[in-house]
Amino acid sequence: MRVVNIGINLVPEAGGIARAVTYWWRAQTELGHKMDIVSFWRSGLYEPEEGSCPECRYVRVPNVPVLRSYYWWPSGYLDGMRALLDGANCVVIHGLFFHPGVLAAAWARRLGIPYILVVHGSLDPWVFTYHRWRKKAWMWRAGNRLLKGAAAVVYSTQAERQKASGWIGSRDYVIHWPVPYVPDYDKREASRRVRELHRLAPGSRIALFCGRIHPVKRPLETIRAFAASAPLDWVLLLVGPLTQEIPRARLEAACGASGGRCIYAGPAFGEALSDYYRAAELFILFSHKENFSHSTAEALAHGVPVLITATVDLSEELAESSAACAFIARESGSTWMEDGLRAALCLSPQDLAIMGARGREWIRTHLSFSNFCARLSEIFRLCGSG
207 MRVVNIGINL VPEAGGIARA VTYWWRAQTE LGHKMDIVSF WRSGLYEPEE
257 GSCPECRYVR VPNVPVLRSY YWWPSGYLDG MRALLDGANC VVIHGLFFHP
307 GVLAAAWARR LGIPYILVVH GSLDPWVFTY HRWRKKAWMW RAGNRLLKGA
357 AAVVYSTQAE RQKASGWIGS RDYVIHWPVP YVPDYDKREA SRRVRELHRL
407 APGSRIALFC GRIHPVKRPL ETIRAFAASA PLDWVLLLVG PLTQEIPRAR
457 LEAACGASGG RCIYAGPAFG EALSDYYRAA ELFILFSHKE NFSHSTAEAL
507 AHGVPVLITA TVDLSEELAE SSAACAFIAR ESGSTWMEDG LRAALCLSPQ
557 DLAIMGARGR EWIRTHLSFS NFCARLSEIF RLCGSG
């Protein structure tokens, strides 16, 4: 079976969707499918580099003045979309708010090919708090038909599905993204390496923020709250790619105001990123919204307990489990960030390590790659494509 995955900006620095597509590629390969990935991009934003995703075919869309943020692909490109889908048995569309995805769905319907729509947080109510009317117009003009025509609509958590309850129908499914198993490691040695790298005091305890430096993840607010409330032996390392919304100068000014207790470490991927997880005693993410949060799951997979907001959709399942590996911060009052930090950072290394071990076991049990493959196989079968 040949499956074509369609998305935008499928490069590591763009965040979670690219990572999820990588997991789809691995799982479909494991299931014996032939898989193609087509990533659309426009100049000036997440330009792909040589080798950034060897499995991807990158298609550049014109930088038209109207509907540029929707990656508008003019009608003259319709035959190009048909060529991309030629010979496919199934199409997987990652996201709602991009024009090539709408074109892919239209051609799939015309050719009688079933398509699966992976929402990736597009229907979270928070998404409609900005550019609201433009997005509602898009849903009226294209998004609703995209949803209704899908053989399956996929969400990564139950909370994400529930928040989209005004949109979903009878063909919606929840598939948790998998998290790679992390072998045992020497945490003391990992912490020593990271402390040396950033010239931290030998006894420094490391908290970690990991993600795009974007307002949705509240990095600046996190820095201010940490500087105001964390015990003096704690240091916050911020790891992730910069975005246009928060320039480097603004981020470094916020870190500078913390008296050296908050440090921007830059982006990290692969083994370098894993080293930061290994060194950390606590992971912190006060995001406005996360439909899954790969970084939260990866921290837990490394045995690091997490302090996250209730708007991180994975928090609901962590709270309902008996794992007791997460602090869930509720947005109530003016000092809720500081209160959450004080509650977590006052614990001893031993107590945090116990919480982390429980989280690691929860990830191994619930978010394994074998579970993901089995669920994906079931979805393809139900869609008549497997």
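Residues in the sequence shown are numbered consecutively from 207, following this note's numbering. Cβ atoms here follow ideal geometry from the backbone N, Cα and C, with glycine treated the same way.
Coarse secondary structure for residue i, derived from DSSP in three states
i: Phe-533; result: strand
i: Lys-495; result: coil
i: Gly-213; result: strand
i: Met-207; result: coil
i: Tyr-264; result: strand
i: Trp-542; result: helix
i: Val-227; result: helix
i: Ser-245; result: strand
i: Asp-481; result: helix
i: Tyr-277; result: coil
i: Leu-457; result: helix
i: Thr-517; result: coil
i: Pro-300; result: A quick correction: the sequence has His, not Pro, at residue 300. Residue state, collapsed to three classes: strand.
i: Leu-237; result: coil
i: Ser-501; result: helix
i: Gly-221; result: coil
i: Glu-253; result: coil
Assigned exposure category for residue i - 16 Cβ within 10 Å defines buried
i: Pro-453; result: exposed
i: His-337; result: exposed
i: Gly-293; result: exposed
i: Phe-594; result: Because residue 594 is not part of the residues shown, which for the chain are 207 to 592, the question remains open.
i: Thr-335; result: exposed
i: Trp-231; result: buried
i: Trp-346; result: exposed
i: Leu-290; result: buried
i: Lys-369; result: buried
i: Lys-354; result: exposed
i: Arg-411; result: buried
i: Tyr-387; result: exposed
i: Asn-350; result: exposed
i: Ser-275; result: exposed
i: Cys-531; result: buried
i: Ala-365; result: buried
i: Ser-371; result: exposed
i: Pro-425; result: buried
i: Arg-484; result: buried
i: Ala-407; result: exposed
i: Arg-564; result: buried
i: Ala-413; result: buried
Cβ shell of residue i (< 7 angstroms), same chain only, five flanking positions each side left out
i: Glu-427; result: Phe-492 and Met-543
i: Ala-434; result: Glu-544
i: Cys-461; result: Ile-429, Cys-468, Ile-469 and Tyr-470
i: Val-518; result: Leu-491, Ser-493, Glu-496, Ser-499 and Thr-502
i: Ala-348; result: Val-308
i: Gly-213; result: Ile-223, Val-227, Ser-245, His-300 and Gly-301
i: Tyr-264; result: Ser-245, Trp-247 and Pro-254
i: Ala-311; result: Ile-299, Tyr-321, Leu-352 and Gly-355
i: Arg-570; result: Tyr-387
i: Met-241; result: Val-209, Asn-211, Trp-231, Gln-234 and Thr-235
i: Leu-558; result: Glu-487, Leu-488 and Pro-511
Close beta carbons around residue i, own chain, < 8 angstroms, minus the five adjacent residues each side
i: Phe-578; result: Tyr-229, Ala-233, Ile-381, His-382, Trp-383 and Pro-384
i: Glu-567; result: Ala-529
i: Glu-458; result: Tyr-470
i: Leu-547; result: Ala-431, Phe-432, Ser-435, Ala-436, Ile-490 and Leu-513
i: Arg-266; result: Phe-246, Trp-247, Arg-248 and Ser-249
i: Leu-582; result: Trp-230, Ala-233, Gln-234, Leu-237 and Ile-381
Residues that residue i bridges to, as DSSP identifies them
i: Cys-468; result: Leu-442
i: Phe-489; result: Leu-414 and Val-512
i: Tyr-379; result: Val-360
i: Leu-448; result: Ile-419
Beta-carbon proximity list for residue i, same chain, < 6 angstroms, skipping 5 on both sides
i: Gly-262; result: A small correction: the amino acid at residue 262 is Cys; Gly does not occupy that position in the sequence shown. The answer, listed in chain order, is Leu-216, Ile-243 and Ser-245.
i: Ala-525; result: Ile-534
i: Lys-423; result: Gly-417 and Ser-493
i: Thr-449; result: Arg-418, Ile-419 and His-420
i: Ser-501; result: Cys-416 and Gly-417
i: Arg-398; result: none
i: Val-445; result: Cys-416, Ala-471, Ala-474 and Tyr-482
i: Tyr-361; result: Val-325, Arg-367 and Val-380
Handout entry: Length at least 4, wholly inside the segment 307 to 368: the alpha helix (DSSP H) runs in chain order
Key = Runs of the alpha helix (DSSP H) lying entirely within the segment 307 to 368 and spanning at least 4 residues, in chain order: 338 to 344 and 350 to 354.
Practice task
Could you tell me which uninterrupted alpha helix (DSSP H) segments, each at least 4 residues in length, are contained entirely in the segment 396 to 442, listed from first to last along the chain?
Solution key: 425 to 435
Exercise for the section: Starting from the N-terminal side, write out each stretch of the beta strand (DSSP E) that is 3 residues or longer and does not extend beyond the segment 537 to 588. Expected result: none
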